[in-house]
Amino acid sequence: MNAGEGMIRSCGIVAERDGQVISMNYAQIKPVTIENGTGVRVSLFVSGCRHHCRDCFNPETWDFGYGKPFTAETEEEVLRALSPSYIAGLTLLGGDPGEPENQEALLPLLRKLRARLPEKTVWIYSGYLHEDFLPGGRAHCAASEEFLALSDAFQTPTVTHGESSYCGNAPSGCASG
Ligand code: SF4
């Protein structure tokens, strides 16, 4: 299925596509950060990462079941945190927000953010390369094209270490560290 086919919508506690529940857990929301992108930002650390890089600072977030369920209330909490004028935008990290199931679950939040607060920027830190999100890529899913289109900065691995690659702030650890 390509982006735009099927429908993602937010229901009570999760996103849903064509009747199939899409759930995601998250580890933490930091309402005021300055280290994950430009300006003062809200950082959302999602759960789940398949890269398992050596020296990852946050291996507990590899588990997709780590942390708390990301609910409609959590979406509103993030949007509220983004509303002050001194907040430049939202940074998504983890874990890996680029995991296909996380892309799907995050898309409703990004849509709401663009609709309500279009002046805010979106930064995404991922262990996947940009080409991984393109059709045929290992992180490509029905949400990928829109997921990329709604982001302003996509931080992909800058360093490879043996057979592992690191997201964002490598090699001292990922953005979640
Ligand atoms: S460094 Fe980033 S990409 Fe690598 S395992 Fe940790 S969270 Fe995943």
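FYI, in our numbering the residues of the sequence shown are 13 to 189.
Each residue gets a CB set at the ideal place from its N, CA and C atoms; glycine is no exception.
Considering only heavy atoms of the ligand SF4, does any lie closer than 7 Å to the CB of residue i?
{"i": "T73", "result": "yes"}
{"i": "H142", "result": "no"}
{"i": "N70", "result": "yes"}
{"i": "G106", "result": "yes"}
{"i": "C65", "result": "yes"}
{"i": "G60", "result": "no"}
{"i": "G49", "result": "no"}
{"i": "G79", "result": "no"}
{"i": "G101", "result": "no"}
{"i": "G139", "result": "yes"}
Give every residue of the same chain whose Cβ lies closer than 7 Å to the Cβ of residue i, excluding the five residues on either side of it in the sequence, and list them in chain order.
{"i": "C23", "result": "Note that C23 scores a pLDDT of 40, beneath 50, so its modelled location is shaky; the value from the coordinates is reported in the next line. Excluding residues within five positions, none has a Cβ falling inside 7 Å."}
{"i": "R62", "result": "E111"}
{"i": "C153", "result": "P112, Q115 and E116"}
I'd like the list of long-range same chain contacts for residue i, defined as Cβ closer than 8 Å, with 5 residues on each side in sequence excluded.
{"i": "I46", "result": "V52 and R53"}
{"i": "A100", "result": "G49, T50, G51, V52, R53, K132 and T133"}
Please say whether residue j and residue i have beta carbons closer to each other than 8 Å?
{"i": "L118", "j": "S55", "result": "no"}
{"i": "A127", "j": "G79", "result": "no"}
{"i": "L195", "j": "F145", "result": "Nothing in the structure corresponds to residue 195, since the chain is present only between 13 and 189."}
{"i": "H164", "j": "G139", "result": "Reading the sequence as shown, one finds Asp at residue 164 and not His. Going by C-beta atoms, D164 is not nearer than 8 Å to G139."}
{"i": "T103", "j": "H142", "result": "no"}
{"i": "L122", "j": "L91", "result": "no"}
Leaving out five residues on either side along the sequence, give the residues of the same chain with a beta carbon under 6 Å from the beta carbon of residue i.
{"i": "G174", "result": "Below a pLDDT of 50, predicted positions are generally treated as unreliable, and G174, at 44, falls in that range; the measurement from the model is reported next regardless. Closer than 6 Å at the Cβ level, and outside the excluded window around G174, lies no residue."}
{"i": "G110", "result": "S138, Y140 and A151"}
{"i": "F166", "result": "I136"}
Which first and last residues belong to the beta strand (DSSP E) in which residue i is found?
{"i": "F69", "result": "That residue, F69, is in no beta strand (DSSP E); it is neither H nor E in DSSP."}
{"i": "P43", "result": "N37 to T45"}
{"i": "L56", "result": "V52 to V58"}
In the DSSP assignment, find the alpha helix (DSSP H) that holds residue i and state where it starts and stops.
{"i": "E89", "result": "A84 to L94"}
(request) Scan the stretch 97-133 and note each continuous alpha helix (DSSP H) run of 4 residues or more that stays entirely inside, going in chain order. (result) 112-128
(request) With a floor of 3 residues, list each beta strand (DSSP E) that falls wholly inside the stretch 145-172, ordered by position along the chain. (result) 165-167
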